[in-house]
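J.:
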Ligand code: SF4
Ligand code: SF4
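Protein chains in written order, with this note's numbering: chain A, 287 to 683; chain B, 4 to 91.
1) Scan the segment 483-497 of chain A for residues whose Cβ lies nearer than 8 Å to a Cβ of chain B and list them as they occur along the chain.
2) Run through chain B and tell me which residues come within less than 7 Å of residue 383/A, C-beta to C-beta.
3) Work out the CA separation of residue 653/A and residue 449/A for me, nearest whole Å.
4) Cβ-heavy atom distance between residue 82/B and ligand 3 below 6 Å?
5) Return no unless some Cβ of chain B is closer than 7 Å to the Cβ of residue 529/A.
6) By Cβ distance below 8 Å, which residues in the same chain neighbour residue 587/A in space, the five residues on each side in sequence not counted?
7) Quick check: what's the CA-CA separation for residue 295/A versus residue 327/A?
8) If you pair each beta-carbon of the segment 458-476 of chain A with each one of the segment 540-556 of chain A, do three or more pairs fall below 8 Å?
9) Counting contacts by CB-CB distance shorter than 7 Å, is residue 10/B in contact with chain A?
10) Report the rounded CA-to-CA distance for residue 5/B versus residue 479/A, giving the unit in angstroms.
11) Taking only the alpha-carbon atoms, compute the straight-line gap between residue 467/A and residue 610/A and give it to the nearest angstrom.
12) Since residue 503/A is in the beta strand (DSSP E), which residue starts that stretch and which ends it?
13) Given that residue 516/A touches chain B, what residues does it touch there, using C-beta distances under 7 Å?
14) Under 6 Å: does the beta carbon of residue 322/A sit that close to some heavy atom of ligand 2?
15) Where residue 310/A and residue 350/A are concerned, what is the direct C-alpha to C-alpha distance, given to the nearest angstrom?
16) Residues of the segment 40-58 of chain B with a CB closer than 9 Å to any CB of chain D: list them in chain order, please.
17) Quick one: using the 10 Å Cβ neighbour count with 16 as the cut-off for buried, is residue 536/A buried or exposed?
18) Just checking: is the beta-carbon of residue 586/A within a distance shorter than 7 Å of some beta-carbon in chain B?
19) Since residue 71/B and residue 90/B are thought to touch, with beta carbons under 8 Å apart, how far apart are those beta carbons, to the nearest angstrom?
20) In angstroms with no decimal places, state the Cα-to-Cα distance between residue 298/A and residue 568/A.
21) For a contact meaning CB atoms closer than 8 Å, what does residue 18/B contact in chain A?
22) Can you list, in chain order, the residues of its chain with a C-beta nearer than 6 Å to that of residue 268/A? Leave out the 5 residues immediately preceding and following it.
23) Between the C-alpha atoms of residue 665/A and residue 459/A, what's the straight-line distance to the nearest angstrom?
24) Using a Cβ cut-off of 9 Å, pull out every chain B residue sitting near residue 543/A, in sequence order please.
25) Just to confirm my understanding: we take residue 409/A, look at its own chain, exclude 5 residues before and 5 after, and list those with CB closer than 6 Å. What are they?
26) Going along the chain, which residues of its own chain have a beta-carbon closer than 6 Å to the beta-carbon of residue 509/A, five neighbours each way excluded?
27) Identify the continuous beta strand (DSSP E) that holds residue 544/A and give its terminal residues.
28) Let's test the definition: count the other Cβ atoms within 10 Å of the Cβ of residue 55/B and tell me whether it reaches 16, buried, or not, exposed.
29) With a threshold of 6 Å on Cβ separation, who are the neighbours of residue 83/B within its own chain once the five nearest residues in sequence on each side are excluded?
30) Are the C-beta of residue 508/A and some C-beta of chain B separated by less than 7 Å?
Now the structure itself:
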């Protein structure tokens, strides 16, 4: 293994290389573009054999990736924001077809209005599509989770696609120290691809043709059960990754915790701002406030078991959502609140569209929470927002 | 590969002939292959829009259940081995 200072996007490209991906369907969209630029560069220099298919839209990027996967090739694509929404239909087709595929989403706000900065709404809005959904908190995790994604996706007990989320710009573009596994380690960890069926002219199959209601519903239940069962399989492959590749980050659980065991209060969040939260927790701990953090690493499968074990019995749980389910607060909040009983759960929606929420904001929010905030969902703006200068172009009579 | 897990289903089926493409009684001409002339080039097989030309033993036959009598096969045959015969 070697250490290199690289960005999250480069870490993902490196994972794709190490996983010996056979085809990448590409369409550039900020902030994911440099993943495919890096792959194209590797291809030009002869470092990878991946077929790079340039297409005219994200819908086609997923379709090309899907087609290659159906033919038995390890396939990858990446997208963000409007691009993910544009491929939404194909996202469902891939999951419904039960074919292993891996995608990285460099999370970003969704228009209107136009905004290229980070939030998680694009990612969380796919949570009902039948994909396994991991979320990284640093470039190292982006690399590790992308490699594990192939292993999980191609497990015969799963056979579902996996998407790995990564905070746009915050992780995709900032460089940090990343431990890069050797090819031999990954070859040892990641066996040759397995999949439920292939398209083959010698032995043709019809894929996704008309199914009667009961048969269709049975297929839906099959996805549900495979997704539920994937919980243990993710832990199993995580432990194996720790053993064969790197013990640096503990992947034996679906979520990661910080100073939670003896904590009275817990904070739940997902993604890169876990770093700020950890620093804020240290400050509050020094002041005698016993607070800890649970970072969600897998939104799907949602481990009710881990969430309960970690959060039940706490005096209060504060969820920080970087995405929205309009009229209901944050998606993470809804998940947590529906999982734990007898514990007070509050939600803060913030950080949307690139709003910066740092350590001092976290200290403020966490202390306010411990003091007792009233509302269930609070929208938090770190800076004063002036009167927005937006209006309809003409007065309505 | 063994896929023995009883909760695993995949949305695939084996292709077969559908009832939708059956010719019924409306075809007016049918292609008849003169096997003594046929050189087995499979041009008719390639061009038949209904995939009803069946390669068989180096030559071809026609699946009349699905042939619509369009005459494409007859037109593309380089040795004029297929003639269109009236059915009315
Ligand atoms: S007549 Fe038309 S449908 Fe029938 S075998 Fe020839 S090409 Fe096919
Ligand atoms: S095109 Fe004519 S020669 Fe060629 S296979 Fe068909 S019938 Fe035979």
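Virtual Cβ for every residue (Gly too), placed ideally from N, Cα, C. Computed from a prediction, not measured in an experiment: that's the story for all the values here.
T.: If we stick to the structure as given:
1) Flagged, chain order: 483, 490, 491, 492, 493, 494, 495, 497.
2) The count along the first chain starts at 1 and reaches residue 383/A at position 97. Going along chain B in sequence order, the residues near residue 383/A (Cβ under 7 Å) are 14.
3) Position 163 of the first chain, counted from the first residue, corresponds to residue 449/A. Position 367 of the first chain, counted from the first residue, corresponds to residue 653/A. Each residue's Cα considered, the two are about 34 Å apart.
4) Inclusion of ligand 3 in the displayed structure is not the case, the ligand content consisting of ligand 1 and ligand 2 alone.
5) Taking the first chain and counting its residues from 1, one reaches residue 529/A at position 243. Not closer than 7 Å to any Cβ of chain B, the Cβ of residue 529/A fails to qualify, so no.
6) Looking up residue 587/A in the first chain gives position 301. So the qualifying residues of the chain are 418, 513, 514, 516, 517, 520, 540.
7) Indexing the first chain from 1 puts residue 295/A at position 9. Indexing the first chain from 1 puts residue 327/A at position 41. Taking the straight line from one Cα to the other gives about 13 Å.
8) no
9) By one-based count along the second chain, residue 10/B stands at place 7. Yes, its Cβ sits closer than 7 Å to a Cβ of chain A.
10) To locate residue 5/B, count along the second chain from 1; it is residue 2. To locate residue 479/A, count along the first chain from 1; it is residue 193. With a pLDDT of only 46 at residue 5/B, under the threshold of 50, the placement of this residue in the model should not be trusted, and no figure is reported.
11) Taking the first residue of the first chain as 1, we reach residue 467/A at position 181. Taking the first residue of the first chain as 1, we reach residue 610/A at position 324. Whole-angstrom Cα-Cα distance: 36 Å.
12) Walking along the first chain from the start, residue 503/A turns up at place 217. No beta strand (DSSP E) holds residue 503/A; the alpha helix (DSSP H) holding it covers 499-530.
13) Along the first chain, read from residue 1 onward, the residue named residue 516/A stands at position 230. The premise fails here: residue 516/A is roughly 12 Å from chain B at the closest Cβ pair, so nothing lies under 7 Å.
14) Taking the first residue of the first chain as position 1, residue 322/A is located at position 36. No - ligand 2 has no heavy atom lying nearer than 6 Å to the Cβ of residue 322/A.
15) The residue labelled residue 310/A in the question sits at position 24 within the first chain. The residue labelled residue 350/A in the question sits at position 64 within the first chain. Going from the Cα of residue 310/A to the Cα of residue 350/A covers about 8 Å.
16) Of the protein chains in this structure, namely A and B, none is chain D.
17) Reading the first chain from its first residue, position 250 is the one you call residue 536/A. Result: exposed.
18) Walking along the first chain from the start, residue 586/A turns up at place 300. False, the Cβ-Cβ gap to chain B never drops below 7 Å.
19) Within the second chain, numbered from 1, the residue matching residue 71/B stands at position 68. Within the second chain, numbered from 1, the residue matching residue 90/B stands at position 87. Their Cβ separation, rounded to whole angstroms, is 12 Å, which puts residue 71/B and residue 90/B out of contact at 8 Å.
20) Within the first chain, the letter at position 12 stands for residue 298/A. Within the first chain, the letter at position 282 stands for residue 568/A. Computed Cα separation, rounded: 30 Å.
21) Taking the first residue of the second chain as 1, we reach residue 18/B at position 15. Within 8 Å Cβ-Cβ: 490, 491, 492.
22) Outside the displayed span of chain A (287 to 683) sits residue 268/A, for which this structure offers no information.
23) Walking along the first chain from the start, residue 665/A turns up at place 379. Walking along the first chain from the start, residue 459/A turns up at place 173. Distance between the alpha carbons of residue 665/A and residue 459/A: 27 Å.
24) Translated into the one-based positions of the first chain, residue 543/A becomes position 257. What residue 543/A touches in chain B: nothing, since even the nearest Cβ is about 31 Å away.
25) To locate residue 409/A, count along the first chain from 1; it is residue 123. So the qualifying residues of the chain are 391, 393, 451.
26) Translated into positions along the first chain, residue 509/A becomes position 223. Cβ within range, chain order: 416.
27) Start at 1 with the first residue of the first chain, and residue 544/A comes out as number 258. Where residue 544/A is concerned, the enclosing beta strand (DSSP E) stretches over 541-544.
28) Residue numbering aside, residue 55/B sits at position 52 when the second chain is read from its first letter. By the 10 Å Cβ count, residue 55/B comes out buried.
29) Counted from its first residue, the second chain places residue 83/B at position 80. Closer than 6 Å at Cβ, skipping near neighbours: no residue.
30) Walking along the first chain from the start, residue 508/A turns up at place 222. True, the Cβ-Cβ gap to chain B drops below 7 Å.
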